[in-house]
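Enquirer: After the structure tokens below, expect a handful of questions from me.
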Amino acid sequence: MEETILDVRGLRTSFFTDEGEVKAVDGVSFSVPKGKTLGIVGESGSGKSITSLSILRLLAENGKVVDGEIRYKGENLLDFSEKKMRSIRGNQISMIFQEPMTSLNPVFTVGQQISESLTTHQGMNKKQAMAKSVDLLKLVGIPSPEKRVTQYPYELSGGMRQRVMIAMALACNPEVLVADEPTTALDVTIQAQILGLIRDLQNRLGMSVILITHDLGVVAETCDYVAVMYAGQVVEYSDVRTLFRKPRHPYTVGLLKSLPRPDADQEKLVPIHGMVPSPFNMPKGCRFAPRCPAATDLCAEKLPDLFDDGEGNQVRCWIYDEEWPGPKEVDVFGEERIAKG
Amino acid sequence: MLKYIIRRVLQTIPVLIGVSILVFSLMHLIPGNPAQIIAGEGASEQTVRQIEERLGLNDPIHIQYFNYMSGVLQGDLGNSVRSGRAVSDEIAARFWVTVELSFYATVLAVFLGLMAGIISAVRRYTVADTAIMVIALFGLSMPNFWLGLVLIDWFAIGGDWLPEWAKLRPSGWGDSWRQVILPVITLGTGGAAIIARMTRSSMLEVINQDYIRTARAKGLTDRIVTYRHALKNALIPVVTVVGLEFGGFLGGAVLTETIFAINGMGRLTVQAITQRDFPIVQGAVLVLSVLFVFVNLIVDISYKLLNKRIDLN
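As given, the protein sequences belong to chains A and B, one line each in that order. Using our numbering, the first residue of the first sequence is number 1, and each one after it goes up by one. Using our numbering, the first residue of the second sequence is number 342, and each one after it goes up by one.
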């Protein structure tokens, strides 16, 4: 078994609004092995970003982690003082965001923004930090870094800005990099470059990566492990080969079936009918039950736990429980893949 | 940057020409014969003729404007029809008084406004925030002629807090801070309130931006995030307001100077209006307008320095 650097158990994060409590994340568990990449996949609103912001404790004011543990090197980050948490952020756990266009401060130069991490965490003076910033820009593949370091974000393209974000995040050699949809706002060729860059840097620096995405193609290419999220919960967690070869949760099966595959003889893509439930009105039982072709009364009544297959793969579905009342072989989304046991 | 400044300076030329035309027209916009009005109702035909002659009112209007402007460009704003002294001398004696008063009022407004706005934004939705915003609303709603009278009543007459003020009053301006402080508060309060509200809303907007989250994700302290990352962005719209406020203060000085009997340009203008001394009114309005245009030029340039995104072209 690999060494685990970050272990999230039973995370629940809520937002307290005028309309009531919104349970944005409601039962998320996964672990990130050292030096590996975990992908978190799910639709918009499934709680992926909130999960990542919970890890760094960067939630908006009305958001709060109400339950669970986030163990980093064995210590629960949720128990840390704000001061101790600051020494983790940007230093041991870094984050890059979806929108490179708005994630850099428009009134400071690229160099000033990268330097800040170095002067804050590594005790460098401004001159040393600026020199290191140039090295970092070189590391992330920005041409003529000496010139770029004095420029303002508006002078850079989206892809360049995301490289700057990565340089900033890597400034202090973090153990974990959380990348929240780092390529969603970029065009396709740049996407591939940025993902390639993250993978390359990961190999060189030996850090762990949490890659949040809604793109299964990206997951297949980049990740070692995958957590599939639906309506604020992890519904399936496994290594990437298992997930693609033998998906076990009906939602995962549905996701894979809705992807076009050049190798398969597909007449049509199979959609998952229905809509993600509103966070104000979650189903009582399994959250996917209203959209699941195999759902039974049990599914509608009771929320299943994460069932572990003993090899570290987990799935939140009644099919894998003794109590399952349905047939042994279940046919979902035109695929006879799901079989009990 | 230099190109921007030069271009921006050149842009003020048409504005200044427009201002000069308006100021020049002042005398001719009054219904009736300006010479008659200056002379007063009971004046003889001969007096009116003399005034017309002296002010060149018999020339065609464009010649009059040309003569006026060639005078202005040489620093000659004409002569007071009452005292006969050069308008430029009358104004020069009072110009710095008004500029100083407006400047101190601006400093006060910026200092108080920024402090209050930042505290409000950082402690948003708390009692402190609400209290500051209620006070700001009061500050905004009080007319400064009323505030000035209340301050005189409380501090200069009723209280012994600023006893010297009454004694110093006739001697002029700027001899003592005790003399300056009440007019400055009178003039600056409304501006402070506007700047406070502007700073607060601007800060609140900025605090929700993605780059603030990035700054926090770097592990920076709240202090650095607020005062370095948020404030610098939030100040951009505030700077514009400060420039406009300064212009407002130049206008507001008319009332404040009158209330506190300060011999500045505002009071000069009011006296000239009551005495129908048009050359002085024209000169004072022209000088104040030019000052306003230049202050806004400076604001635009500093705006550019603060916000690198403004396109140079």
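Using N, Cα and C, we set each Cβ at its ideal position, and we do this for glycine too.
#1: Quick one: what's residue 287 (chain A) bridged to in DSSP?
#2: Under 8 Å Cβ to Cβ from residue 507 (chain B), same chain only, skipping five residues before and after it: list those, please.
#3: From the beta carbon of residue 42 (chain A), is the nearest beta carbon of chain B less than 7 Å away?
#4: Between A:158, A:159, A:136, which lies nearest to residue 149 (chain A) when the distance is taken from Cα to Cα?
#5: Report back the beta-carbon spacing between residue 211 (chain A) and residue 37 (chain A) to the nearest angstrom; my notes put them in contact at under 8 Å.
#6: Would a C-beta distance cut-off of 7 Å place residue 66 (chain A) and residue 78 (chain A) closer than the cut-off?
#7: Out of curiosity, what's the CA-to-CA distance linking residue 16 (chain A) and residue 572 (chain B)?
#8: Output the residue ranges of the alpha helix (DSSP H) runs that lie fully inside the segment 427-480 of chain B and measure 4 residues or longer, sorted by chain position.
#9: State buried or exposed for residue 181 (chain A), treating a residue as buried only when at least 16 other CB atoms are found within 10 Å of its CB.
#10: Quick check: is the beta carbon of residue 105 (chain A) nearer than 7 Å to any beta carbon in chain B?
#11: Candidates A:40, A:25, A:72: which alpha carbon is nearest residue 59 (chain A)'s?
#12: Between the alpha carbons of residue 444 (chain B) and residue 521 (chain B), how many angstroms are there, rounded?
#13: Can you list, in chain order, the residues of its chain whose CB lies under 7 Å from that of residue 346 (chain B), leaving out five sequence neighbours each side?
#14: What's the gap between the Cα of residue 342 (chain A) and the Cα of residue 562 (chain B)?
#15: Counting along the chain, where does the beta strand (DSSP E) carrying residue 238 (chain A) start and finish?
#16: Beta-carbon of residue 120 (chain A) versus every beta-carbon of chain D: anything under 7 Å?
#17: Determine whether the Cβ of residue 345 (chain B) lies closer than 7 Å to any Cβ atom of chain A.
#18: Between A:105, A:290, A:70, which lies nearest to residue 10 (chain A) when the distance is taken from Cα to Cα?
#19: Against chain A, which members of the segment 526-552 of chain B pass a CB distance test of less than 9 Å?
#20: Please confirm if residue 91 (chain A) has its CB atom under 7 Å from at least one CB of chain B.
#21: Less than 7 Å between the C-beta atoms of residue 343 (chain A) and residue 39 (chain A), yes or no?
#22: Just verifying my parser: in three-state terms, what is the DSSP assignment at residue 398 (chain B)?
#23: So if I threshold CB-CB distances at 7 Å, which residues from the segment 558-588 of chain B count as touching chain A?
#24: Are the beta-carbon atoms belonging to residue 256 (chain A) and residue 250 (chain A) less than 7 Å from one another?
#25: Can you tell which of A:130, A:104, A:121, A:253 has the C-alpha that lies nearest to the C-alpha of residue 330 (chain A)?
#26: Would you please verify whether the beta carbon of residue 471 (chain B) is less than 7 Å from any beta carbon of chain A?
#27: Where do the ends of the beta strand (DSSP E) carrying residue 17 (chain A) lie?
#28: When Cβ atoms are compared, which residues of the segment 445-475 of chain B fall closer than 7 Å to chain A?
#29: Please report the distance separating the alpha-carbon of residue 373 (chain B) from that of residue 617 (chain B).
#30: Classify residue 376 (chain B) as buried or exposed, calling it buried when 16 or more other Cβ atoms lie within 10 Å of its own Cβ.
#31: Taking the CB atoms as reference points, tell me whether residue 527 (chain B) and residue 597 (chain B) lie closer together than 7 Å.
#32: Suppose contacts are defined by Cβ-Cβ distances below 7 Å. Is residue 167 (chain A) in contact with residue 96 (chain A) by that definition?
#33: Over what stretch of residues does the beta strand (DSSP E) that includes residue 61 (chain A) continue unbroken?
#34: Near residue 378 (chain B), which residues of its chain fall below 8 Å by C-beta distance, leaving aside the five closest residues on each side in sequence?
#35: In whole angstroms, give me the CA-to-CA distance for residue 27 (chain A) and residue 462 (chain B).
#36: Keeping to the same chain, check which residues put their C-beta closer than 6 Å to that of residue 49 (chain A); ignore five residues upstream and five downstream.
Expert: Reading off the structure:
#1: Your numbering for residue 287 (chain A) matches position 287 in the first sequence. None, per the DSSP bridge assignment.
#2: Translated into the one-based positions of the second sequence, residue 507 (chain B) becomes position 166. Here residue 507 (chain B) scores only 47 on pLDDT, less than 50, and its place in the model should not be relied on; the value that follows carries that caveat. Cβ neighbours of residue 507 (chain B) beyond the five flanking positions: 497, 498.
#3: Stepping through the first sequence from its first residue, residue 42 (chain A) is reached at position 42. So, not an interface residue.
#4: As a working note, residue 149 (chain A) is residue 149 in the first sequence. The shortest C-alpha separation from residue 149 (chain A) is found at A:136.
#5: To locate residue 211 (chain A), count along the first sequence from 1; it is residue 211. To locate residue 37 (chain A), count along the first sequence from 1; it is residue 37. Going by Cβ atoms, the distance from residue 211 (chain A) to residue 37 (chain A) rounds to 6 Å, so yes, they are a contact pair.
#6: By one-based count along the first sequence, residue 66 (chain A) stands at place 66. By one-based count along the first sequence, residue 78 (chain A) stands at place 78. Going by C-beta atoms, residue 66 (chain A) is not nearer than 7 Å to residue 78 (chain A).
#7: Start at 1 with the first residue of the first sequence, and residue 16 (chain A) comes out as number 16. Start at 1 with the first residue of the second sequence, and residue 572 (chain B) comes out as number 231. Distance between the alpha carbons of residue 16 (chain A) and residue 572 (chain B) is about 27 Å.
#8: 428-463
#9: Counting from one through the first sequence, the residue named residue 181 (chain A) turns up at place 181. It is buried - the Cβ of residue 181 (chain A) has at least 16 other Cβ atoms within 10 Å.
#10: Residue mapping note: residue 105 (chain A) aligns to position 105 of the first sequence, counting from 1. The beta carbon of residue 105 (chain A) sits closer than 7 Å to some beta carbon of chain B.
#11: In the first sequence, the residue the question calls residue 59 (chain A) occupies position 59. Comparing Cα-Cα distances from residue 59 (chain A) to each of A:40, A:25, A:72, the minimum goes to A:25.
#12: Sequence index remark: in the second sequence, residue 444 (chain B) carries index 103 (1-based). Sequence index remark: in the second sequence, residue 521 (chain B) carries index 180 (1-based). Going from the Cα of residue 444 (chain B) to the Cα of residue 521 (chain B) covers about 12 Å.
#13: Along the second sequence, one-based indexing puts residue 346 (chain B) at 5. If the five residues before and after residue 346 (chain B) are omitted, its C-beta is found closer than 7 Å to the C-beta atoms of 642, all from its own chain and listed in chain order.
#14: As displayed, chain A neither begins before 1 nor continues past 341, which places residue 342 (chain A) out of reach and without an answer.
#15: Counted from its first residue, the first sequence places residue 238 (chain A) at position 238. Per DSSP, residue 238 (chain A) belongs to the beta strand (DSSP E) from 233-239.
#16: Looking for chain D here will not work: the only protein chains present are A and B.
#17: Reading the second sequence from its first residue, position 4 is the one you call residue 345 (chain B). Closer than 7 Å: no.
#18: Along the first sequence, one-based indexing puts residue 10 (chain A) at 10. Residue 10 (chain A) has its Cα closest to that of A:70, out of A:105, A:290, A:70.
#19: Within the segment 526-552 of chain B, 549, 550, 551, 552 place their CB atoms closer than 9 Å to a CB of chain A, listed in sequence order.
#20: Here residue 91 (chain A) corresponds to residue number 91 of the first sequence, with the count starting at 1. Output row for residue 91 (chain A): interface = yes.
#21: Residue coverage of chain A in this structure runs from 1 to 341, which leaves residue 343 (chain A) outside it and unanswerable.
#22: To locate residue 398 (chain B), count along the second sequence from 1; it is residue 57. Residue state, collapsed to three classes: coil.
#23: 558, 559, 560, 561, 562, 570, 573, 574
#24: To locate residue 256 (chain A), count along the first sequence from 1; it is residue 256. To locate residue 250 (chain A), count along the first sequence from 1; it is residue 250. Contact annotation: residue 256 (chain A) and residue 250 (chain A) have beta-carbon atoms that are not nearer than 7 Å.
#25: Reading the first sequence from its first residue, position 330 is the one you call residue 330 (chain A). Comparing C-alpha distances from residue 330 (chain A) to each of A:130, A:104, A:121, A:253 shows the shortest one belongs to A:253.
#26: As a first step, residue 471 (chain B) is located in the second sequence; it is residue number 130 there, counting from the start. Judged by the 7 Å Cβ criterion, residue 471 (chain B) is not in contact with chain A.
#27: Residue mapping note: residue 17 (chain A) aligns to position 17 of the first sequence, counting from 1. Here the beta strand (DSSP E) through residue 17 (chain A) covers 4-17.
#28: The segment 445-475 of chain B vs chain A, Cβ under 7 Å: nothing.
#29: Looking up residue 373 (chain B) in the second sequence gives position 32. Looking up residue 617 (chain B) in the second sequence gives position 276. Near 14 Å, if we compare the C-alpha coordinates of residue 617 (chain B) and residue 373 (chain B).
#30: Locating residue 376 (chain B) in the second sequence gives position 35, counting from the first residue. Buried, by the Cβ-count rule.
#31: Sequence index remark: in the second sequence, residue 527 (chain B) carries index 186 (1-based). Sequence index remark: in the second sequence, residue 597 (chain B) carries index 256 (1-based). Yes, these two residues count as a Cβ contact at 7 Å.
#32: The residue given as residue 167 (chain A) occupies position 167 in the first sequence. The residue given as residue 96 (chain A) occupies position 96 in the first sequence. No, the Cβ-Cβ distance between residue 167 (chain A) and residue 96 (chain A) is not below 7 Å.
#33: For the purposes of this step, residue 61 (chain A) is taken as the residue at position 61 of the first sequence. Unbroken run through residue 61 (chain A): none, as it is neither H nor E.
#34: The residue you call residue 378 (chain B) lines up with position 37 of the second sequence. So the list reads 371, 617, once near-sequence residues are dropped.
#35: As a first step, residue 27 (chain A) must be located in the first sequence, where it is residue number 27. As a first step, residue 462 (chain B) must be located in the second sequence, where it is residue number 121. Going from the Cα of residue 27 (chain A) to the Cα of residue 462 (chain B) covers about 34 Å.
#36: Walking along the first sequence from the start, residue 49 (chain A) turns up at place 49. Cβ neighbours of residue 49 (chain A) beyond the five flanking positions: 180.
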